[in-house]
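Q: Just dropping this structure here.
Number of protein chains: 2
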Amino acid sequence: MEKQKGLLLVVSGPSGVGKGTICKAVINRNPGVKLSVSATTRAKRPGEEEGKSYFFKTREEFERMIRDGELLEHVLLFNSNYYGTPRANIEAEIAACNDIILEIDYHGALTVKKTYPDAVLIFVAPPVMEELKTRLEHRASESEDAKRIRLKTAMEEMRMIGAYDYVVVNDSVEKAVTAIEAIMTAEKCKVSRNEALLKKLMEE
Amino acid sequence: MEKQKGLLLVVSGPSGVGKGTICKAVINRNPGVKLSVSATTRAKRPGEEEGKSYFFKTREEFERMIRDGELLEHVLLFNSNYYGTPRANIEAEIAACNDIILEIDYHGALTVKKTYPDAVLIFVAPPVMEELKTRLEHRASESEDAKRIRLKTAMEEMRMIGAYDYVVVNDSVEKAVTAIEAIMTAEKCKVSRNEALLKKLMEE
């Protein structure tokens, strides 16, 4: 049977909801699923690796990538650093029948959906909002200002759920991961993604 | 968290593809999933139970049900027997948050989708057409005429895949059942099926 192209999954959700943990678990359990590595202008932190954590770029390099259309989407965050998704790697993985996960915010998600209408948009939501607020307020490493901005951004993200295809409630990592795996299996069964198979069956 | 309404799943596929076996396995593995019991005018066969295998009706009773709008869909098959889906039981199961599977042909599937746009239409396809043809040709119990009609109907069904949401290839029962379970999980994560949950989160 002819292999399907890979899925392009976009996973978003408010800061603190646990989407990073969920995405890592999905990737660890499914060898054919890759995580897109973002490019950023923010400084490398201890333990981070070039090309694995991020592609670390100078502001000049990043702005050249934007100009040359090498990024699928990008954002200038409130801390004045750029983050973006390099297009080449994603297209290579999809063509190689691997699925790829982009962990990006809703601006990025909407941009990706415009370029790839086939992209699957998943929103990770907290089981109750109160829990998320408490978690964001207890981030010891952050200033009061940073916390306030982060909470405001989280609420803004929550209001964008309507633009997504699926919502996965993170009441446990295990359940959330299983739900994302089910979404991937179901998406691959969509009639619209199986035109080649169906054409072949009808020709027999 | 407020419980979602149940899913209305429609499973179709050509005669001989194994959809009956698959549906039974889905129901056995998932206590919250029920199989819709059809009404029919065909004679009861040994071992069949009223209300379990079918609701057995006289032609007069069946035609009264049609007139009174008690059937979601119905069909008069080439063997001149009526088959139909009683509406009441389905609506009761969905309201009780159970999922319900209707194993019906594409005419019925399209009728159901018109009445319930939320219904999930799944087509079970053979991995190769040749296998299906061989299986239909070897049904010892049937006359040559019946076989020919059955094969023609199977090909007609296959041409209707485009009207379905998902296609599940029956290369193994286990894989097909897992795919249907994944489709059910994914459908329940659809943003469009979670309006109550999202409203509640946003109000907190």
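Those protein sequences? They're chains L and Y, same order as listed. Residue numbers for the first sequence follow the working numbering, so the first one is 1 and each next one is one higher. Residue numbers for the second sequence follow the working numbering, so the first one is 205 and each next one is one higher. From the three backbone atoms N, C-alpha and C, an ideal C-beta is built for every residue, glycine too.
1) Around the Cβ of Glu-264 of chain Y, are there at least 16 other Cβ atoms within 10 angstroms (buried) or fewer (exposed)?
2) Leaving out five residues before and five after Gly-6 of chain L in sequence, what residues of the same chain have Cβ atoms less than 8 Å from its Cβ?
3) Considering only C-alpha positions, which residue in the set L:Val-10, L:Gln-4, L:Leu-8 and L:Ser-15 is nearest to Ile-149 of chain L?
4) Between Asn-170 of chain L and chain Y, is there a C-beta pair that is closer than 7 Å?
5) Identify the contact partners of Ile-161 of chain L in chain Y, using a Cβ-Cβ distance below 9 Å as the criterion.
6) With burial defined as no fewer than 16 other Cβ atoms inside 10 Å of the residue's Cβ, what is the status of Leu-280 of chain Y: buried or exposed?
7) For the ligand ADP, is there any heavy atom lying closer than 6 Å to the beta carbon of Val-241 of chain Y?
8) Could you tell me whether the Cβ of Tyr-54 of chain L comes closer than 7 Å to any Cβ of chain B?
9) Distance cutoff 7 Å, beta carbons only. Does Thr-389 of chain Y sit that close to anything in chain L?
10) Determine, using beta carbons only, whether Val-371 of chain Y comes closer than 7 Å to chain L.
11) Would you say Asn-374 of chain Y and Gly-251 of chain Y are within 7 Å of each other, going by their C-beta atoms?
12) Grab me the residues of Ile-326 of chain Y's own chain with a C-beta within less than 8 Å of its C-beta, minus the 5 sequence neighbours each way, in chain order.
13) List the residues of chain L whose Cβ lies closer than 7 Å to the Cβ of Ala-329 of chain Y, in chain order.
14) What is the DSSP secondary structure of Phe-260 of chain Y, reduced to helix, strand or coil?
15) For Glu-70 of chain L and Arg-343 of chain Y, what's the separation of their Cα atoms in angstroms?
16) Please report how far the alpha carbon of Ala-350 of chain Y lies from the alpha carbon of Val-241 of chain Y, in whole angstroms.
A: A quick look at the data gives this:
1) exposed
2) Gly-32, Glu-93, Ile-94, Ala-95, Ala-96, Cys-97, Asn-98, Asp-99 and Ile-100
3) L:Ser-15
4) no
5) Val-395, Asn-398, Leu-402, Leu-405 and Met-406
6) exposed
7) No copy of the ligand ADP occurs in the structure displayed, which carries no ligand at all.
8) Looking at the structure shown, chain B is missing, and the protein chains on hand are L and Y.
9) yes
10) yes
11) no
12) Leu-213, Val-214, Val-215, Ser-216, Tyr-368, Asp-369, Tyr-370, Val-371, Val-372, Ile-384 and Ile-387
13) Leu-201
14) strand
15) 59 Å
16) 25 Å
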